[in-house]
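Worksheet: the structure to be examined is printed underneath.
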Amino acid sequence: MTIPYDPASFAKDRIETAASLLGLDLPHQEQWDFVQQMISLDLQAAPGSGKTSLVGLKLALLAQGWRSATRGVCVISHTNTAKDEISARLDAVPAGRSLLQYPHFIGTIQSFVNTFLALPALRSMKVEIQTVDDEAYAAAALRLLHRHPRYRTQGHPGAPA
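Now the structure itself:
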């Protein structure tokens, strides 16, 4: 099986250019090692040390050399914050934008499970899915809550004076 990316995308000069474009500094050899390794790695570091930024840089480099229209990259994070940071870093690099659409996936564990496991399973059982939207659910729940006088709060429209 051939690799779906150009290994030259991870040359030192390209890494330096992409890091500069993304406003990143790579002062430690461990950072360079992570960016240049093309194997599955466990990246552990203190909170706020730049792990997500390094993943964004590595993905931006990968996007620059991506050669497959049918194979994709799957990035699963624990938090929306990490997902949003990675997406923003990719959006800042023209080639990176290609990883923000099919056949690639960047999202949280929950969105991955919903997209690729739960919803397909429900569809296979002929269950009609009307909406799966956290904001829509929250808005509907609040509407129901505010209709009941016992749960109305002062200052809310329709609340008892």
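full-length UniProt numbering puts the last residue of the sequence shown at 161; the count rises by one with no breaks.
Where a beta carbon is used, it is the ideal one built from N, C-alpha and C, also for glycine.
Predicted model only: the values in this text are computed from it and were never measured.
- The alpha-carbon separation between residue 38 and residue 25 amounts to approximately 20 Å.
- Per DSSP, residue 108 lies in no alpha helix (DSSP H); the unbroken beta strand (DSSP E) holding it starts and ends at 105-108.
- In this structure residue 93 is buried. Its beta-carbon is surrounded by 16 or more other beta-carbon atoms within 10 angstroms.
- Annotated as proximal: residue 83 and residue 107, with beta-carbon spacing under 8 Å.
- Residues 38 and 65 of the same chain have their beta carbon placed closer than 8 Å to that of residue 7, with the five preceding and five following residues left out of the count.
- A straight-line Cα-Cα distance of about 12 Å links residue 22 and residue 14.
- Setting aside the 5 residues that flank it on each side, residue 53 is surrounded in the same chain by 22, 24, 85 and 89, each with a C-beta closer than 8 Å to its C-beta; the list follows chain order.
- In the displayed model, residue 137 falls within a helix according to three-state DSSP.
- A residue is called buried when at least 16 other Cβ atoms come within 10 angstroms of its Cβ; residue 77 meets this threshold and is buried.
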